[in-house]
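>
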Amino acid sequence: MFTIGAFIKMNIYLLACCKGIAKVLKCNDYRFIVLPISLLMINLAYFEFESMIDYYDVVEVWYWYASFFEVLLPITILITIELKKKSLFHHRS
Numbered sequence: 247m248f249t250i251g252a253f254i255k256m257n258i259y260l261l262a263c264c265k266g267i268a269k270v271l272k273c274n275d276y277r278f279i280v281l282p283i284s285l286l287m288i289n290l291a292y293f294e295f296e297s298m299i300d301y302y303d304v305v306e307v308w309y310w311y312a313s314f315f316e317v318l319l320p321i322t323i324l325i326t327i328e329l330k331k332k333s334l335f336h337h338r339s
């Protein structure tokens, strides 16, 4: 179950990454980006950790690092969007 869950999680991350990059590059289709991004992910994983012990050392710090991208950054973006909507609404009135 752990392996299947990790596989699904990585596929969701890959899909989100490719769609985000396609949107930033203003492309209509994200599918041509999937292969280069997945190859970059594989190379990064191969060169980032020499062994499983190195991986577990990073996992101890990962929670603090990931909390910025999973909690603080989305909340900041949401607040910014709401403020822009509110100021745009007041300019039209």
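Here the numbering used here is used: the first residue of the sequence shown is 247, the next is one more, and so on. Heads up, the beta-carbon is just placed ideally off N, CA and C, and yes, glycines get one too.
1. So what's Glu306 in DSSP terms, helix, strand or just coil?
2. What would DSSP say about Glu316, mapped onto helix, strand or coil?
3. From Val304, Ala262, Lys272 and Tyr302, pick the residue whose C-alpha is nearest to that of Ser284; which is it?
4. Would you call the CB atoms of Leu295 and Tyr301 closer than 9 Å?
5. Suppose contacts are defined by Cβ-Cβ distances below 9 Å. Is Ile279 in contact with Ile267 by that definition?
Concretely, from the data shown:
1. helix
2. helix
3. Ala262
4. Contrary to the premise, residue 295 reads as Phe rather than Leu in this sequence. For Phe295 and Tyr301, yes; Cβs fall inside 9 Å.
5. yes
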